[in-house]
Structures are given as structure tokens and as C-alpha cells.
Amino acid sequence: MNANLKGAAMMVAAMAGFAVEDMLLKSAARDVPVGLILMIFGALGTVWFAALAKSRGDRLLNRDLLHPVVGAKSLAEIVGRLFFVLALALAPLSTVSALLQATPLVVVAGAALFFGERVGWRRWSAIAIGFAGVLIVLRPGVDLGWGSVAALLGMLGFALRDLATRGAPKSLSNMVLGVYGFLALVPAGAIMLAVTGGAGVPPAAALGLIATASVVGTGAYYALTSAMRLGEVAVVTPFRYTRLVFALILAALVFGERPDLLTLLGSAVIVGSGVYTLLRSRRETQTAAAQEI
1 MNANLKGAAM MVAAMAGFAV EDMLLKSAAR DVPVGLILMI FGALGTVWFA ALAKSRGDRL
61 LNRDLLHPVV GAKSLAEIVG RLFFVLALAL APLSTVSALL QATPLVVVAG AALFFGERVG
121 WRRWSAIAIG FAGVLIVLRP GVDLGWGSVA ALLGMLGFAL RDLATRGAPK SLSNMVLGVY
181 GFLALVPAGA IMLAVTGGAG VPPAAALGLI ATASVVGTGA YYALTSAMRL GEVAVVTPFR
241 YTRLVFALIL AALVFGERPD LLTLLGSAVI VGSGVYTLLR SRRETQTAAA QEI
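For the sequence shown, UniProt numbering gives the first residue as 1, with consecutive numbering after it.
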């Protein structure tokens, strides 16, 4: 098996893991307040990422952690996780997962606006089409609920997190950034719990779901980083969208969801425009590199 096939396989495995993580957290949200889920999930994620970082020889304490971009990343992680878990509690898994697929489109647009990256008219057109797909899924004014709004805000939070990661000091590995991103969820969850109430010892079954989600999510993140190292970005990255396929299957099997035609159509539009944008980004990067030679 060549590097690209290995990378693609790892990416698919990572997306399956993330879909399972979402399903487990949605199941736990039936019995546990969102604030408490964030506290437990953040604490466990901090431990797992710290273990991974130490196994790689990364330093957990670094002066560059005081960089403003690191703080911005932690804040974006809080926004993304908070609204994403809230969306899982309020909206169908299929809808939440469909809206999440727009994250790469927002990242490309944000990279052009904040980092000055060149984005041609073709990619801007694909981004616009992708956002049209988001509107198809959301159906504002027709079927727009708080769960869908939370999913949209969570997606934007994750996109800002990814953009902040690009601007973070290179001395900080993704694993170390993950440690402090998850650590920030603990006080954020505590503040939310203080506002909403519902503090208490969660049922053992729900606690097991959250713990399993943290392990599966950490493993998925490790598979994701491995995939990006093994294969070519242009080959491996489009397999990110298999997460939606796994999410739709789990939504049907576990929660009995049956997405309507507009949700499926909007999902297809988002995924299609996202894949095109990623492939076009790779082509323009290769062209620019060739012109510099």
C-alpha cells in the first residue's frame, strides 16, 4: 500500500472516529447538561492530548503559549465546542454534521481575508455555492431552529480555531495546542453550568459515553494528523467529507433520523464545493511553486 492509500485510509478512519464521537456526545446530552459535558470532555481530552504530547517529546510549558493567537485559538475552541455540543443536544445529528462540512470553506475565505492568501474567482465562486448549500440545509425563515443556529455558530468557531492554528507559533505542536484547547473547555463548561444549573454526578452510563467519546476523539485526531503526514494533501484532504457519510449512517441507525431531500441536497452542494475548493487550492499552490523555480 503506497503512502497516499495509507493516508486516505487513515483519514477515513479519523472521520469515522469523529462521527462516533458526535454520536456518543449526543447520546450523553440526553441525561447530562451541556456545561457538565464540556467540563468532563475537556478534562479527559486534556489528559489524553498531554499523554500524546509527552510521548512525542513535546514540551507542555512553553513561553510561546502566551502568544495572543494561542489565546484566540482557545477562545475559538470554546465557542466551537460549546455550540457544537449544544447543537447535538437540540438538532438532528445529520443536520449538525452537514453544516459542519462548511468549515473548510470558511477557513479558505478567512485565510484570504486575514492572512492575505490569494483566492481566485473560481474558489470564491465555489465558496459562494457552498454557502448556498448551507442556506438550503438551514432554510432560514422556514425551518430554522435554535439547534441549527447553534450548529452554524459551532462551525464558525471551529473555522476560527483552524485559522488561529495557522497563525500559532511553529514551536507549538498540534498536540500541545490541543492540550490547552481542551483545558479551556473546563472553566467554560463550569461557567455555563453555573448559569444553566443542573450540576451533579452524571449517571454512570452517560459518564461512560463521554469518556468513550474522549478516547475515540483523541484517537481520531491522531489518525487525522497521521493521514496528513502520510499522503499528499490534495489526495488525502477530500476524504474529510466521509465524516458526513458516517454521520448519516449513525443518525439513521442510532437515532432513527431520516434527513429530508433538502438536507441531502444542501449537504451534497456543501461537500461538492468543498472538495473543489480544496483541489483548486492545491493546484494553485503547485502552479505558484512552479513559477518560482
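Ideal Cβ placement from N, Cα and C applies to all residues, glycine included. Given the structure is predicted, the values throughout are model-derived calculations rather than measurements.
| query | result |
| --- | --- |
| Straight-line gap, residue 306 to Leu163 (C-alpha atoms, nearest Å) | Examination of residue 306 is not possible in this model, given that the chain is present from 1 through 293 alone. |
| Arg258 (DSSP reduced to helix, strand or coil) | coil |
| Given 8 angstroms, three or more beta-carbon pairs between the region 189-198 and the region 26-43 | yes |
| Buried versus exposed call for Val137 [16 or more other C-beta atoms within 10 Å across all chains shown] | buried |
| Residues near Tyr219 by beta carbon distance below 7 angstroms, same chain, minus five either side | Per the sequence presented here, residue 219 reads as Gly, with Tyr not at that position. Around Gly219: Gly17. |
| 6 angstroms CB neighbourhood of Leu52 in its chain, flanking five on each side removed | Met175 |
| Secondary structure of Leu172, DSSP reduced to three states | coil |
| Ser226 and Met15 closer than 8 angstroms at C-beta | no |
| Ala111 versus Arg161: straight-line alpha-carbon distance, rounded | 12 angstroms |
| Check: Leu105 C-beta below 7 angstroms from any heavy atom of the ligand PLP | Absent from the structure shown: the ligand PLP. Ligands present: none. |
| Distance CB(Gly167)-CB(Leu90) smaller than 8 angstroms | no |
| Straight-line gap, Ala223 to Ala13 (C-alpha atoms, nearest Å) | 7 angstroms |
| Residue 324 in three-state terms, based on DSSP | Because the chain spans 1 through 293 in this model, residue 324 falls outside it and cannot be assessed. |
| The alpha helix (DSSP H) enclosing Val85, as first and last residue numbers | 68-90 |
| DSSP-derived helix/strand/coil call for Val12 | helix |
| The alpha helix (DSSP H) enclosing Arg166, as first and last residue numbers | 146-167 |
| Proximity winner among Lys26, Met39, Leu5, relative to Ala199 (alpha-carbon distances) | Met39 |
| Coarse secondary structure for Leu60, derived from DSSP in three states | coil |
| Assigned exposure category for Asp260 - 16 Cβ within 10 Å defines buried | exposed |
| Contact under 8 angstroms by Cβ, Ser97 with Ala247 | yes |
| Spatially closest choice to Ala151 from Pro203, Pro202, Ser173, Gly80, by CA coordinates | Gly80 |
| Candidates Ala268, Gly274, Tyr221, Tyr180, of which the one nearest Leu78 by Cα | Checking the displayed sequence, the identity of residue 78 turns out to be Ile instead of Leu. It is Tyr180. |
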